[in-house]
Amino acid sequence: MGLQDRNKRGFTRLLRSFGYAFQGLKHVFINEQNMQVHFCLAIIVFALAVWLDVTRIEWLILLVVVSGIFALEIMNTAIERTVDLVTEEYHPIAKRAKDVAASAVFVYSVFAVIIGLVLFIPYLLEMFL
Numbered sequence: 001m002g003l004q005d006r007n008k009r010g011f012t013r014l015l016r017s018f019g020y021a022f023q024g025l026k027h028v029f030i031n032e033q034n035m036q037v038h039f040c041l042a043i044i045v046f047a048l049a050v051w052l053d054v055t056r057i058e059w060l061i062l063l064v065v066v067s068g069i070f071a072l073e074i075m076n077t078a079i080e081r082t083v084d085l086v087t088e089e090y091h092p093i094a095k096r097a098k099d100v101a102a103s104a105v106f107v108y109s110v111f112a113v114i115i116g117l118v119l120f121i122p123y124l125l126e127m128f129l
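Residue numbers (this note's numbering): 1 to 129.
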């Protein structure tokens with residue numbers, strides 16, 4: 001097999017992996033209520049950022065924070081589904097794993113709100129005072 005054939009197979013495999021990732025993302029957005037809430041809040045945050053005309057650095061901070069929330073919610077869903085696959089019965093360790101995964105999203109969300117307040121409050125104060 002020549003180098004061209006290997007490159008073509010590698011590219012096809014890469015495209016297929018993107019397809020699998022998109023399927024997972026689509027599943028989370030359609031089936032997970034918390035992801036839908038995060039998505040709606042992200043739209044509000046981005047609309048507010050446009051309205052307030054935040055700086056480029058502030059945009060980057062908002063993008064990192066919002067993408068972090070999405071990534072953590074996706075990982076939380078993966079952990080929950082894996083635990084559900086392993087045991088259908090109630091088990092305290094399974095519950096603990098799910099609770100700990102959810103707590104990661106919660107902690108990040110609390111700090112995301114704090115970051116949003118730190119970024120937006122000066123603009124809002126300047127606008128309304």
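For every residue, glycine included, the Cβ atom is placed at its ideal position computed from N, Cα and C.
Rounded C-alpha distance that separates residue i from residue j
i    : j    : result
F70  : Q4   : 37 angstroms
D99  : P92  : 10 angstroms
L110 : A78  : The sequence as given places Val at residue 110; Leu does not occur at that position. So the two alpha carbons sit approximately 21 angstroms from each other.
S67  : F128 : 30 angstroms
D53  : L63  : 15 angstroms
Q162 : L119 : Residue 162 lies beyond the stretch modelled for the chain, which goes from 1 to 129, so this question has no answer here.
H27  : L85  : 17 angstroms
L125 : R9   : 56 angstroms
Q36  : V45  : 14 angstroms
E58  : R81  : 35 angstroms
F76  : R16  : The displayed chain sequence assigns Asn, not Phe, to residue 76. Going by the C-alpha atoms only, they are around 24 angstroms apart.
N31  : P122 : 37 angstroms
I74  : F11  : 26 angstroms
A94  : R56  : 43 angstroms
Three-state secondary structure (DSSP) of residue i
i    : result
D53  : coil
E80  : helix
Y20  : helix
L129 : coil
T87  : coil
E73  : helix
E58  : helix
Whole-number beta carbon distance between residue j and residue i, since they are thought to touch under 8 angstroms
i    : j    : result
L72  : A104 : 6 angstroms
I115 : I61  : 7 angstroms
F29  : F18  : Not quite, the Cβ-Cβ distance comes to about 16 angstroms (not below 8 angstroms), so this is no contact.
A112 : V65  : 5 angstroms
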